[in-house]
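Engineer: Following this message is one structure expressed as structure tokens.
In the UniProt record's numbering, the protein residues as written are 1 to 71.
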């Protein structure tokens, strides 16, 4: 029950900021992956980007963006 009280103590503006951050990250990852021609993997990146921050962005950077630069 104390966990629920902790969640309720989070200010509404903080929840809104987190939700916007997650939505923006997921959308950006999806659009970039689709632009790079990753096909169905674009959906994976988009959904994973909506679930947490910033791990998908960091992994995407190292797996997709750095690899695309010829490294």
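Just so it is clear, CB atoms sit at the ideal spot from N, CA and C, and this is done for glycine as well.
1. To the nearest angstrom, report how far apart residue 28 and residue 7 are at their CA atoms.
2. Using only the alpha-carbon positions, how far apart do residue 16 and residue 52 sit?
3. Please go through the region 5–64 and give each complete alpha helix (DSSP H) segment of 4 or more residues, from N-terminal end onward.
4. Taking its Cβ as the centre, do 16 or more other Cβ atoms sit within 10 Å of residue 12, making it buried, or is it exposed?
5. Could you tell me whether the Cβ atoms of residue 26 and residue 46 are closer together than 9 Å?
Structural biologist: Looking at the coordinates:
1. 28 Å
2. 14 Å
3. 12–35, 41–51, 55–60
4. exposed
5. yes
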